[in-house]
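Asker: Below: one structure in structure tokens.
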Amino acid sequence: MKLSKPLLFVLLFLVGAVAQSQKIHIAVEQNLFFGDFYLSSGTDSGTVSLSNNGEWSSTGNIHQLLSNQQPAIFNISTKSKTPVNVRVEVMTGTFINAKGNTISLHPEDSGIQFYKVKRGFPETISIGGTLRITPKNKNYQGNYKGSISITATVYSE
-4 MKLSKPLLFV LLFLVGAVAQ SQKIHIAVEQ NLFFGDFYLS SGTDSGTVSL SNNGEWSSTG
56 NIHQLLSNQQ PAIFNISTKS KTPVNVRVEV MTGTFINAKG NTISLHPEDS GIQFYKVKRG
116 FPETISIGGT LRITPKNKNY QGNYKGSISI TATVYSE
């Protein structure tokens, strides 16, 4: 198979942040990984999307090489016997390769989500997203690493 454009490998790390309270804990169970893909000739842009349940899709002439993608998965837990209301917000992230090139990630669920956790009943959350490959960054081959901000706060109803 002849590739007209270089390979693009993207590995993204998810970082959790606990804010405002020590009553909740965030544990990263699985890092977000878009897998191995390339952009063939015929278009100068496209998107790579990964759903929260791990389904990979693309637009433009972006093609998957291996089906090795995975959404990010993290757990929110507490030691409290009383249910704790948690507000979680996922922000857009920026990823960089060894050459200093960047690509932005737009999380699938970038809005605010609400959960209720108590001891013995953690909440498992999956996060996917979309990478936008544009004329500016279509030739940026390599491994990309970075983080997205996840803010979890305790709130009262």
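The sequence shown begins at -4 in this note's numbering and counts up one residue at a time. Beta carbons: idealized from backbone N, C-alpha and C, even for Gly.
What is the rounded straight-line gap between the Cα of G106 and the Cα of H20?
Answerer: Those two C-alpha atoms are separated by around 20 Å.
Asker: Which residues does DSSP pair with A22 in a beta bridge?
Answerer: Beta-bridge pairing links A22 to N70.
Asker: So, at 6 Å on beta carbons, what are the nonlocal neighbours of S121 in its own chain, with the 5 sequence-adjacent residues on each side left out?
Answerer: Hits under 6 Å: N47, P66, I68.
Asker: Put G124 into one of helix, strand or coil per three-state DSSP.
Answerer: It is a strand residue.
Asker: Considering only their Cβ atoms, is the gap separating G141 from F90 smaller than 8 Å?
Answerer: The answer is yes: Cβ separation under 8 Å.
Asker: Under the assumption that V81 contacts Y110 (Cβ atoms under 8 Å), give the Cβ distance between them as a whole number of angstroms.
Answerer: The pair is a contact, with the Cβ atoms about 5 Å apart (cut-off 8 Å).
Asker: Alpha carbon to alpha carbon, what distance is there between V23 and Y139?
Answerer: Each residue's alpha carbon lies about 19 Å from the other.
Asker: Quick check on E103: does DSSP put it in helix, strand or coil?
Answerer: E103: coil per DSSP, three-state reduction.
Asker: State the Cα-Cα distance for the pair A93 and S40, rounded to the nearest angstrom.
Answerer: Each residue's Cα considered, the two are about 22 Å apart.
Asker: When burial is assigned at 16 or more other CB atoms within 10 Å of the CB, is F75 buried or exposed?
Answerer: With the sequence shown as reference, residue 75 is identified as Ser, and Phe is not the correct amino acid for it. Exposed is the call here.
Asker: Shortest alpha-carbon distance to V83 belongs to which of P102, G95, T97, I98?
Answerer: Nearest option by C-alpha distance: P102.
Asker: Which residues does DSSP list as the beta-bridge partners of K94?
Answerer: The partner list for K94 (beta bridge, DSSP) is empty, contrary to what the question assumes.
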